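As numbered in my numbering, the sequence shown has no gaps in its residue numbers, which increase by one up to the final residue, 350.
C-beta: ideal position from N, C-alpha, C; glycine also.
Source: prediction; values computed, not measured.
Reviewing the structure listed below.
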Amino acid sequence: RHTRFRNVTGVQTCALPIFTYLTRRKWSIPIIKKITLLLIICSLIFTTLVFITKNTSVKPNSNYVEALIYLNNHSLPNDKILSSIDNGYIIEYYSNRVAVVSGENDINELNIFMNLSTSRNIDRTEKILQENNIKEIFIDQDFKQFLDEKQGLTFLMDTSGKFEKIYQNKDIEIWKFID
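Put into structure tokens, the structure is as follows:
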């Protein structure tokens, strides 16, 4: 019966047999039955709304996928992509490019990430980018906020003339490092 619905959460799956049992059972105080059933119905509605809200805001959304397909089509296969740690696996999956940082990093990759994020020295930044073959920077809202707090790389991207914005949509900016 309830398995016909594709996106039923675990809470809803468990609640349906309980709800059925409670509606068929004899209650000595009818008001308690009504309050109990109302609470179950409200909790089902609430969990469904939370589930839908969370699912629509989870990465990667269509803007991420579109940007990463663009990146795949407009970068070389051996280029590395700088972005936040949260985006590493998404970048590698959709663009078929190596992310500088992802969920499993060694200390060297994390140092590269932090040095680039905080650097205000174009010579040092260029050297790190060239040594590690980092050609593109994938910036979503979370990474942009992080970079703005550090005030390093965003300053260089805006002022040095060594970076070009090659893609932008509602959620994503992609910048290319110009050797």
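Express the C-alpha separation of Pro-231 and Ile-212 in angstroms, rounding to a whole number.
Cα-Cα distance, rounded: 31 angstroms.
Starting from Leu-253, trace the alpha helix (DSSP H) in both directions and tell me its first and last residue.
Where Leu-253 is concerned, there is no enclosing alpha helix (DSSP H), although the beta strand (DSSP E) it sits in stretches over 251-253.
What are the complete beta strand (DSSP E) segments, minimum 3 residues, inside the stretch 284-317?
Segments of the beta strand (DSSP E) lying fully in the stretch 284-317: 305-310.
How about Ser-255 and Phe-334: are their beta carbons less than 9 angstroms apart?
Cβ distance not < 9 angstroms, so Ser-255 and Phe-334 don't count as in contact.
By alpha-carbon positions, which one of Glu-297, Thr-325, Leu-247, Val-229 ends up nearest to Ile-261?
Of Glu-297, Thr-325, Leu-247, Val-229, the residue nearest in Cα terms is Val-229.
Considering Cα atoms alone, identify which of Lys-225, Ile-200, Ile-216, Leu-239 is closest to Val-117.
There is simply no residue 117 to check, as the chain begins at 172 and stops at 350 in what is shown.
For Asn-279 and Ile-293, I'd like the C-alpha separation in whole angstroms.
If you take the alpha carbons of Asn-279 and Ile-293, they lie about 20 angstroms apart.
I need the boundaries of the alpha helix (DSSP H) containing Glu-275, first residue and last residue.
Neither: Glu-275 is in no alpha helix (DSSP H) and is coded neither H nor E.
With distances taken Cα to Cα, identify the nearest neighbour of Arg-291 among Glu-237, Val-221, Phe-348, Leu-324.
Minimum Cα distance to Arg-291 is reached at Leu-324.
In chain order, what residues of the same chain have a beta carbon less than 6 angstroms from the beta carbon of Ser-266, not counting five sequence neighbours either side?
Taken in chain order, the residues that qualify are Leu-239, Leu-242, Asn-243.
What are the residues that DSSP puts in a beta bridge with Tyr-264?
Answer is none; Tyr-264 lacks a bridge partner.
Do you know offhand how far Ile-252's Cα is from Phe-217's?
The straight-line gap from Cα to Cα measures roughly 39 angstroms.
To the nearest angstrom, report how far apart Ile-200 and Lys-225 are at their CA atoms.
C-alpha separation (whole angstroms): 38 angstroms.
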